[in-house]
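The listed protein sequences correspond, in order, to chains U and Y. Using the working numbering, read the first sequence as starting at 2 and increasing by one per residue. Using the working numbering, read the second sequence as starting at 2 and increasing by one per residue. All residues carry an ideal CB built from backbone N, CA and C; glycine is no exception. Presented below is the structure to which this report refers.
There are 2 protein chains.
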Amino acid sequence: MFGVTILGNNSALPAYNRHPTSQVISLNDQLFLVDCGEGTQMQMNTYKIRRGKINHIFISHLHGDHYFGLPGLITSYGLLGRVTDLHLYAPAALKTILDLQLNMSDTWLPYKLHFHALENASVLIDEEHVSVECFKVFHRIDCWGFLFREKRNPRKINAEATEKYGVPLSYYEKLKRGEDYVHEGKIISNDELTIANKPVRSYAYCADTLYNETLVEKVHHVNMLYHEATYLKDKQEKALSRFHSTTIQAAQLAKLAEVKKLLIGHFSSTYEKLDDFLTEAQEIFHDTQLALEGQTYLIA
Amino acid sequence: MFGVTILGNNSALPAYNRHPTSQVISLNDQLFLVDCGEGTQMQMNTYKIRRGKINHIFISHLHGDHYFGLPGLITSYGLLGRVTDLHLYAPAALKTILDLQLNMSDTWLPYKLHFHALENASVLIDEEHVSVECFKVFHRIDCWGFLFREKRNPRKINAEATEKYGVPLSYYEKLKRGEDYVHEGKIISNDELTIANKPVRSYAYCADTLYNETLVEKVHHVNMLYHEATYLKDKQEKALSRFHSTTIQAAQLAKLAEVKKLLIGHFSSTYEKLDDFLTEAQEIFHDTQLALEGQTYLIA
């Protein structure tokens with residue numbers, strides 16, 4: 002399973018029971034938290050997120066609607082007796098804030114909190130099945146996007162063919178990595194001995210940001226792009242002045258980047274109904290969905 | 002109207018849809034916010050609190066469950082275009098934390114935020130109709146209680162009597178303040194010329210705290226005492242080790258202080274049902290109520 006569950010889809014001012022930004026990305030049995038607006042831990046209760054499975058938290062930038070829920074989550078983990086290490090990727094100043102808050106409350110965490118300061122576009126996680134990269138987006142203050150990629154899946158053994166050529170079990174790992182096999186002096190091609198596995202999938206997260214076409218290269222061909230769309234298209238000037246994007250700008254970026262699906266969110270609290278967000282974006286990029294709280298979107 | 006509306010009644014770990022501590026005290030047309038746990042601004046939306054009427058916020062101590070909702074509320078006031086001054090009464094270190102958060106997010110507030118550091122038991126507000134005092138309570142870190150008192154109400158004019166003695170209108174203010182009147186060389190007592198107004202009412206807030214009988218003097222005879230009751234009576238040792246109180250300790254303090262009503266809250270997240278909290282407290286002090294979210298308790 003590779004999916005994203007929305008915990009908060011609103012811009013800074015909570016309204017209409019919509020919450021500030023937070024998302025949970027699940028890949029196999031791992032959960033990754035992206036941004037943590039106020040109330041995220043309550044939203045986790047509401048939507049039954051297995052918060053103990055989260056070992057990595059990514060904070061895009063230091064506007065409060067993207068991290069004011071983090072101190073609460075971090076201290077709640079302590080109260081719940083967490084012992085597993087927790088990795089936090091965020092702009093450097095967040096460490097100063099958290100250290101001060103923990104100090105002032107005389108709080109001791111029973112688990113280790115590793116802080117990774119976001120400084121350059123780079124690979125943050127490089128594990129067996131997944132990699133996570135960060136890249137700059139274009140906001141009023143320093144702000145980061147994140148790219149989640151499955152690793153290239155190993156090929157599957159074609160049991161019938163390996164039996165036919167008597168390939169020993171000890172050679173299977175090499176086959177999975179794509180190597181050929183020599184049988185009675187003849188090269189048997191890997192294609193004949195293995196079956197391609199599912200293609201790798203990817204998810205890119207871009208919030209908060211101005212429309213900027215240099216992002217096309219970063220998110221090219223991803224299976225799902227989350228791009229903020231704070232305003233409807235008639236508010237392009239307002240979007241520009243506040244370093245945000247409109248529906249059609251998000252859709253235009255999805256189109257240029259030839260992504261498979263687009264997910265839009267970070268809706269301004271001036272809008273009660275969201276229907277127009279979908280209609281406008283779909284005019285430019287058909288495979289658009291609204292990021293709705295409590296919904297999980299499969300990345301496929 | 003003098004009342005308190007509960008926005009959060011739970012201890013640190015949000016559970017069973019109960020939120021961390023926050024209360025709104027309303028007196029005439031003024032609102033006072035006491036503590037501001039994570040999610041307070043959303044609770045204000047849910048319970049239709051007129052947040053623009055709040056000009057004074059009191060933070061008892063710097064454990065996160067009593068102030069992690071404050072940075073969000075403060076920035077939301079900015080986004081809503083607030084221009085009225087806001088007064089914040091809290092331990093000094095909170096200013097450092099807020100300044101850092103506002104700085105890092107490059108946030109400019111369109112209103113003036115006055116920070117008043119809590120340092121000694123003192124009168125914080127002394128207005129025409131209300132006074133607010135702070136006093137020390139007994140927690141693991143520096144922690145404050147608050148006492149809200151109506152000011153002595155001026156006496157009401159007895160129109161029939163003032164007419165009888167021909168008291169001029171210009172003298173009415175003196176009558177209201179309790180002065181006698183001289184009519185044809187004879188002293189007409191104030192009692193005859195005026196009617197006593199409603200007696201003054203008071204509300205005391207004690208969270209988080211150990212049971213400590215020195216508080217009796219502070220909250221003596223208040224109309225309503227809010228005292229934390231984090232645990233049921235069988236958890237007295239746990240309460241002690243965590244600097245909290247039990248049901249019967251809260252009730253015992255109410256009894257000794259001869260208050261009119263007791264309100265208990267800050268329930269531990271280990272309890273799903275709250276019935277036993279009420280039963281246990283009422284065994285000691287009958288006029289006890291549970292602080293329930295969204296409920297308003299009249300102070301009378």
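Bridge pairing for U/R19: U/A16 [DSSP].
Following the DSSP letters along the chain, one finds Y/F278 inside the alpha helix (DSSP H) bounded by residues D276 to I285. Taking a C-beta distance under 9 Å as the contact criterion, U/N11 and U/S242 do not qualify as a contact pair. Distance from the CA atom of Y/P169 to the CA atom of Y/K177, rounded to whole angstroms, is 13 Å. About 4 Å separates the Cβ atoms of U/P21 and U/D66, confirming a contact at the 8 Å cut-off. For U/E193, same chain residues with a beta-carbon under 8 Å away, outside a window of 5 residues either side, are N159 and A162 in chain order.
In the DSSP assignment, U/M225 falls within the unbroken beta strand (DSSP E) covering M225 to E229. In this structure, the CA atom of U/T231 is about 47 Å from the CA atom of Y/D277. Listed along the chain, the chain Y residues whose CB falls inside 8 Å of the CB of U/N46 are P15, A16 and N18.
Y/Q42 reaches chain U at P15 and E39, counting residues in chain order whose Cβ is nearer than 8 Å. By the criterion of a C-beta distance shorter than 8 Å, U/I55 is surrounded in its chain by V25, L32, F33, L34 and L87, once the five residues flanking it on both sides are discounted. Note on Y/I196: under 16 other CB atoms within 10 angstroms of its CB, so exposed under the neighbour-count rule.
With contacts defined by Cβ atoms closer than 9 Å, Y/K262 and Y/N224 form a contacting pair.
Restricting attention to beta strand (DSSP E) runs no shorter than 3 residues, the region 47 to 80 of chain U encloses them at 55 to 59, ordered along the chain. Here U/V124 carries a strand assignment [DSSP, helix/strand/coil].
Beyond the five residues adjoining it in sequence on each side, U/K239 comes within less than 7 Å, by CB distance, of Y232 in the same chain, given in chain order. For the region 46 to 76 of chain U, the set of positions with a beta-carbon nearer than 7 Å to some beta-carbon of chain Y reads N46, L63, H64, G65, F69, G70, P72, G73 and T76 in chain order. At a C-beta separation below 9 Å, U/D107 has these neighbours in chain Y: L63, H64, R141 and I142. Counting only residues of its own chain and dropping the five nearest sequence neighbours on each side, Y/R202 has a CB closer than 7 Å to the CB of F3, E151, N224, I300 and A301.
In the DSSP secondary-structure assignment, U/V217 is not bridged to any residue. Of all C-beta pairs linking the region 37 to 54 of chain Y to the region 134 to 141 of chain Y, fewer than three are shorter than 8 Å, placing the two stretches out of contact.
Secondary structure at Y/Q296: coil, using DSSP grouped into helix, strand and coil.
The closest CA to that of U/M105, considering only Y/L226, Y/Y68 and Y/H130, is found on Y/Y68. Taking a beta-carbon distance threshold of 9 Å, U/A94 counts as an interface residue toward chain Y. With a cutoff of 9 Å on beta-carbon distance, U/I142 and U/H64 are scored as near each other. For Y/L89, the beta-bridge partners assigned by DSSP are Y/I58 and Y/F116.
The Cβ-Cβ distance between Y/H222 and Y/E259 falls below 9 Å. The Cβ-Cβ distance between U/A16 and Y/N29 does not fall below 9 Å. Pairing Y/N191 with Y/V131, the inter-Cα distance amounts to about 24 Å.
Residue state for U/D100 is assigned as helix, using DSSP reduced to three classes. With a threshold of 9 Å between beta carbons, Y/P21 makes contact with chain U.
In this model, Y/I126 and Y/L279 are separated by some 33 Å (Cα to Cα).
The DSSP-derived three-state label of U/L257 is helix. In the three-state DSSP reduction, U/A240 falls in the helix class (H, G or I). Shortest Cα-Cα distance from Y/S123 to any of Y/V133, Y/L14, Y/K256 and Y/L89 involves Y/V133.
Ranked by Cα distance from U/Y48, the options U/P155, U/L80 and U/V5 are led by U/V5.
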